[in-house]
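To start, the structure itself, in C-alpha coordinates.
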Amino acid sequence: MKTHELVALLAARAEPAPRHAAVRRFAFALAVGLPLSIAVMALEYGVRRDLVQTLFWPMFWVKLLFPACIAVAGFVIVQRLARPGVRVRAAWLGLAVPVLLVWALGFVTWLMAPVDERAAMVWGQTWRTCVFNIALIAVPVFVASLVALKSLAPTQPALAGAAAGAMSAGAGAAVYALHCQELAAPFLAIWYVIGMTLPVVAGALIGHRLLRW
39 MKTHELVALL
49 AARAEPAPRH
59 AAVRRFAFAL
69 AVGLPLSIAV
79 MALEYGVRRD
89 LVQTLFWPMF
99 WVKLLFPACI
109 AVAGFVIVQR
119 LARPGVRVRA
129 AWLGLAVPVL
139 LVWALGFVTW
149 LMAPVDERAA
159 MVWGQTWRTC
169 VFNIALIAVP
179 VFVASLVALK
189 SLAPTQPALA
199 GAAAGAMSAG
209 AGAAVYALHC
219 QELAAPFLAI
229 WYVIGMTLPV
239 VAGALIGHRL
249 LRW
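For this note's numbering, count along the sequence shown from 1 and bump the result up by 38.
What follows is the structure, encoded as C-alpha coordinates:
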(Lines of atoms letter the chains of each structure in order from A and count residues from 1; the text may use other names and numbers.)
(Lines give C-alpha, C1' and ligand atoms only; values in the text may rest on other atoms or scores of the structure.)
Protein backbone atom coordinates (compact mmCIF):
# COMPACT_ATOMS: atom_id res chain seq x y z
CA MET A 1 0.00 0.00 0.00
CA LYS A 2 1.34 3.38 -0.98
CA THR A 3 1.60 6.24 1.51
CA HIS A 4 -1.13 8.36 -0.06
CA GLU A 5 -3.47 5.36 -0.08
CA LEU A 6 -2.82 4.74 3.62
CA VAL A 7 -3.48 8.41 4.43
CA ALA A 8 -6.72 8.31 2.43
CA LEU A 9 -7.80 5.12 4.22
CA LEU A 10 -7.13 6.60 7.66
CA ALA A 11 -8.87 9.85 6.75
CA ALA A 12 -11.92 7.95 5.54
CA ARG A 13 -12.28 6.33 8.95
CA ALA A 14 -11.79 9.54 10.89
CA GLU A 15 -14.67 10.54 13.10
CA PRO A 16 -15.22 13.75 15.10
CA ALA A 17 -14.24 13.55 18.73
CA PRO A 18 -17.13 13.60 21.22
CA ARG A 19 -18.06 17.11 22.32
CA HIS A 20 -16.75 18.19 25.72
CA ALA A 21 -14.74 14.97 26.03
CA ALA A 22 -11.89 16.73 27.85
CA VAL A 23 -14.22 18.48 30.28
CA ARG A 24 -15.99 15.23 31.10
CA ARG A 25 -12.76 13.33 31.65
CA PHE A 26 -11.30 15.89 34.00
CA ALA A 27 -14.59 16.23 35.82
CA PHE A 28 -14.50 12.45 36.27
CA ALA A 29 -10.87 12.70 37.46
CA LEU A 30 -11.97 15.19 40.11
CA ALA A 31 -14.97 13.05 41.04
CA VAL A 32 -12.62 10.12 41.63
CA GLY A 33 -9.62 11.91 43.12
CA LEU A 34 -11.25 14.50 45.36
CA PRO A 35 -13.07 12.05 47.67
CA LEU A 36 -9.81 10.13 48.01
CA SER A 37 -7.98 13.33 48.94
CA ILE A 38 -10.64 14.08 51.53
CA ALA A 39 -10.25 10.55 52.88
CA VAL A 40 -6.46 10.98 53.14
CA MET A 41 -6.94 14.23 55.04
CA ALA A 42 -9.58 12.82 57.37
CA LEU A 43 -7.74 9.56 58.15
CA GLU A 44 -4.19 10.87 58.28
CA TYR A 45 -4.74 14.31 59.85
CA GLY A 46 -8.38 14.74 60.85
CA VAL A 47 -10.82 17.59 60.39
CA ARG A 48 -10.23 20.40 62.87
CA ARG A 49 -12.63 20.12 65.79
CA ASP A 50 -13.67 23.76 65.75
CA LEU A 51 -14.54 23.75 62.04
CA VAL A 52 -18.05 25.08 62.62
CA GLN A 53 -16.67 28.06 64.56
CA THR A 54 -14.06 28.79 61.90
CA LEU A 55 -16.81 29.19 59.31
CA PHE A 56 -17.43 32.63 60.82
CA TRP A 57 -13.79 33.74 60.47
CA PRO A 58 -12.95 35.63 57.24
CA MET A 59 -9.40 34.25 57.07
CA PHE A 60 -10.72 30.71 57.01
CA TRP A 61 -12.57 31.50 53.80
CA VAL A 62 -9.46 33.13 52.36
CA LYS A 63 -7.51 29.96 53.19
CA LEU A 64 -10.20 27.80 51.58
CA LEU A 65 -11.16 29.85 48.53
CA PHE A 66 -7.63 30.87 47.54
CA PRO A 67 -6.56 27.32 46.59
CA ALA A 68 -10.05 26.51 45.33
CA CYS A 69 -9.64 29.29 42.75
CA ILE A 70 -6.30 27.76 41.75
CA ALA A 71 -8.01 24.39 41.28
CA VAL A 72 -10.76 25.90 39.10
CA ALA A 73 -8.24 27.78 36.97
CA GLY A 74 -6.13 24.63 36.64
CA PHE A 75 -9.22 22.72 35.50
CA VAL A 76 -9.96 25.28 32.79
CA ILE A 77 -6.35 25.39 31.61
CA VAL A 78 -5.67 21.65 31.59
CA GLN A 79 -8.79 20.75 29.62
CA ARG A 80 -7.78 23.32 27.01
CA LEU A 81 -4.20 22.11 26.82
CA ALA A 82 -5.51 18.56 26.41
CA ARG A 83 -6.93 19.48 22.98
CA PRO A 84 -4.68 20.38 20.04
CA GLY A 85 -5.10 23.90 18.75
CA VAL A 86 -7.11 25.23 21.72
CA ARG A 87 -5.64 28.38 23.22
CA VAL A 88 -5.42 28.98 26.96
CA ARG A 89 -5.60 32.78 26.61
CA ALA A 90 -6.55 34.74 29.73
CA ALA A 91 -7.19 31.59 31.76
CA TRP A 92 -3.59 31.90 32.99
CA LEU A 93 -4.75 34.89 35.02
CA GLY A 94 -6.83 32.48 37.07
CA LEU A 95 -3.60 31.05 38.45
CA ALA A 96 -1.67 34.30 38.79
CA VAL A 97 -4.29 36.60 40.31
CA PRO A 98 -5.12 34.53 43.44
CA VAL A 99 -1.43 34.10 44.22
CA LEU A 100 -0.70 37.81 43.75
CA LEU A 101 -3.66 38.77 45.94
CA VAL A 102 -2.58 36.44 48.75
CA TRP A 103 0.99 37.73 48.50
CA ALA A 104 -0.28 41.31 48.74
CA LEU A 105 -2.53 40.47 51.68
CA GLY A 106 0.29 38.63 53.44
CA PHE A 107 2.76 41.47 52.94
CA VAL A 108 0.35 44.17 54.12
CA THR A 109 -0.68 42.08 57.14
CA TRP A 110 2.98 41.46 58.00
CA LEU A 111 3.81 45.18 57.75
CA MET A 112 0.88 46.19 59.96
CA ALA A 113 1.63 43.61 62.66
CA PRO A 114 3.74 44.44 65.73
CA VAL A 115 7.37 43.59 65.18
CA ASP A 116 7.43 40.92 67.88
CA GLU A 117 4.49 39.07 66.21
CA ARG A 118 5.83 39.02 62.66
CA ALA A 119 7.92 35.89 62.96
CA ALA A 120 5.01 33.87 64.33
CA MET A 121 2.83 35.03 61.44
CA VAL A 122 5.36 33.72 58.93
CA TRP A 123 6.40 30.44 60.55
CA GLY A 124 3.23 29.49 62.43
CA GLN A 125 3.28 26.10 64.14
CA THR A 126 3.29 23.79 61.10
CA TRP A 127 5.64 25.26 58.50
CA ARG A 128 7.82 22.14 58.59
CA THR A 129 4.96 19.86 57.52
CA CYS A 130 2.45 22.08 55.72
CA VAL A 131 4.16 21.96 52.32
CA PHE A 132 4.41 18.18 52.20
CA ASN A 133 0.93 17.66 53.65
CA ILE A 134 -0.59 19.67 50.82
CA ALA A 135 1.42 17.74 48.23
CA LEU A 136 0.41 14.40 49.76
CA ILE A 137 -3.29 15.21 49.85
CA ALA A 138 -3.10 16.37 46.22
CA VAL A 139 -1.77 12.98 45.02
CA PRO A 140 -5.14 11.27 44.24
CA VAL A 141 -6.36 14.17 42.08
CA PHE A 142 -2.88 14.46 40.55
CA VAL A 143 -2.79 10.81 39.46
CA ALA A 144 -6.38 10.89 38.17
CA SER A 145 -5.76 14.05 36.16
CA LEU A 146 -2.61 12.61 34.56
CA VAL A 147 -4.56 9.49 33.57
CA ALA A 148 -7.18 11.74 31.98
CA LEU A 149 -4.47 13.70 30.15
CA LYS A 150 -2.87 10.49 28.88
CA SER A 151 -6.15 9.56 27.20
CA LEU A 152 -6.33 12.90 25.35
CA ALA A 153 -3.99 14.71 22.97
CA PRO A 154 -1.90 17.43 24.65
CA THR A 155 0.62 18.98 22.26
CA GLN A 156 2.55 20.66 25.09
CA PRO A 157 3.04 17.77 27.52
CA ALA A 158 5.13 19.58 30.13
CA LEU A 159 2.75 22.54 30.26
CA ALA A 160 -0.30 20.28 30.35
CA GLY A 161 1.27 18.28 33.18
CA ALA A 162 1.95 21.48 35.09
CA ALA A 163 -1.68 22.56 34.65
CA ALA A 164 -2.84 19.17 35.96
CA GLY A 165 -0.51 19.73 38.90
CA ALA A 166 -2.06 23.14 39.52
CA MET A 167 -5.57 21.69 39.53
CA SER A 168 -4.58 18.93 41.94
CA ALA A 169 -2.52 21.30 44.10
CA GLY A 170 -5.42 23.70 44.52
CA ALA A 171 -7.77 20.84 45.36
CA GLY A 172 -5.27 19.38 47.83
CA ALA A 173 -4.66 22.70 49.58
CA ALA A 174 -8.39 23.40 49.84
CA VAL A 175 -8.96 19.99 51.41
CA TYR A 176 -6.00 20.48 53.76
CA ALA A 177 -7.54 23.79 54.89
CA LEU A 178 -10.23 21.76 56.66
CA HIS A 179 -7.51 20.44 58.96
CA CYS A 180 -4.95 23.24 59.09
CA GLN A 181 -4.92 25.47 62.18
CA GLU A 182 -2.97 28.31 60.56
CA LEU A 183 -4.86 31.47 59.66
CA ALA A 184 -2.16 34.13 59.24
CA ALA A 185 -2.01 35.58 55.74
CA PRO A 186 1.83 35.62 55.62
CA PHE A 187 1.85 31.89 56.41
CA LEU A 188 -0.58 31.18 53.57
CA ALA A 189 1.33 33.42 51.18
CA ILE A 190 4.53 31.45 51.72
CA TRP A 191 3.87 27.87 52.73
CA TYR A 192 0.59 27.21 50.93
CA VAL A 193 2.06 28.61 47.73
CA ILE A 194 5.18 26.47 48.08
CA GLY A 195 3.04 23.42 48.86
CA MET A 196 0.99 23.99 45.70
CA THR A 197 4.13 24.56 43.64
CA LEU A 198 5.39 21.03 44.26
CA PRO A 199 2.62 19.27 42.26
CA VAL A 200 2.99 21.86 39.49
CA VAL A 201 6.71 21.12 39.14
CA ALA A 202 6.10 17.38 39.42
CA GLY A 203 3.40 17.61 36.76
CA ALA A 204 5.73 19.42 34.36
CA LEU A 205 8.51 16.87 34.86
CA ILE A 206 6.26 13.82 34.64
CA GLY A 207 4.20 15.25 31.81
CA HIS A 208 7.30 15.88 29.72
CA ARG A 209 7.99 12.13 29.75
CA LEU A 210 4.59 10.51 30.23
CA LEU A 211 2.43 12.59 27.89
CA ARG A 212 4.54 12.47 24.75
CA TRP A 213 2.77 11.08 21.73
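Think of the CB as a built atom: it goes at the ideal place given N, C-alpha and C, for glycine as much as any other residue. Here the structure is a predicted model, which means the values were calculated and not measured.
Supposed contact pair residue j and residue i - C-beta distance, whole angstroms, cut 8 Å
i: Leu226; j: Phe104; result: 7 Å
i: Leu81; j: Ala111; result: At roughly 28 Å, the Cβ-Cβ gap does not stay under 8 Å, so Leu81 and Ala111 are not in contact.
i: Gly199; j: His246; result: 7 Å
i: Phe94; j: Phe64; result: With 8 Å as the limit, Phe94 and Phe64 do not qualify as a contact, their Cβ atoms being about 33 Å apart.
i: Leu216; j: Arg86; result: 7 Å
Straight-line Cα distance separating residue j from residue i
i: Ile175; j: Phe145; result: 27 Å
i: Phe98; j: Leu139; result: 15 Å
i: His58; j: Leu187; result: 14 Å
i: Val45; j: Leu221; result: Any reading at Val45 must be qualified, since the residue scores a pLDDT of 49, below 50, and its modelled position is unreliable; no value is offered.
i: Ala212; j: Ala196; result: 24 Å
i: Val289; j: Ala60; result: The structure shown does not extend to residue 289, since the chain is modelled only from 39 through 251, so no value can be given for it.
i: Gln219; j: Val153; result: 22 Å
i: Thr38; j: Tyr214; result: No answer is possible for residue 38: the residues shown for the chain start at 39 and end at 251.
i: Ala120; j: Arg156; result: 43 Å
i: Ser75; j: Val185; result: 16 Å
i: Thr92; j: Leu102; result: 11 Å
i: Ile172; j: Val160; result: 17 Å
i: Ala128; j: Met79; result: 33 Å
i: Arg166; j: Gln194; result: 34 Å
i: Pro96; j: Trp130; result: 26 Å
i: Val255; j: Ser189; result: Outside the displayed range of the chain (39 to 251) lies residue 255, so it cannot be described from this structure.
i: Cys168; j: Trp229; result: 7 Å
i: Gly241; j: Ala158; result: 32 Å
i: Ala109; j: Val116; result: 10 Å
i: Gly210; j: Ala182; result: 13 Å
i: Arg62; j: Pro192; result: 16 Å
i: Asn233; j: Arg118; result: The displayed chain sequence assigns Gly, not Asn, to residue 233. Distance between the alpha carbons of Gly233 and Arg118: 24 Å.
i: Val254; j: Pro224; result: This structure cannot settle anything about residue 254, because the visible part of the chain is limited to 39 through 251.
i: Pro122; j: Ala106; result: 27 Å
Minimum Cβ-Cβ distance from residue i to chain C less than 9 Å
i: Val185; result: Within the model displayed, chain C is absent; a lone protein chain is all it includes.
Three or more C-beta pairs below 8 Å linking the stretch 146-159 and the stretch 196-205: Judged by Cβ distances under 8 Å, the stretch 146-159 makes no contact with the stretch 196-205, as fewer than three pairs qualify.
In chain order, each alpha helix (DSSP H) run of at least 4 residues that lies wholly inside the stretch 130-211: Here the runs fully enclosed are 131-150, 153-161, 165-188.
The stretch 70-79 in contact with the stretch 176-185 per 3-pair CB rule at 8 Å: Yes: the two stretches touch, three or more of their Cβ pairs being nearer than 8 Å.
Unbroken stretches of the alpha helix (DSSP H), 4 residues or longer, contained in the stretch 93-124: Listed in chain order, they are 96-119.
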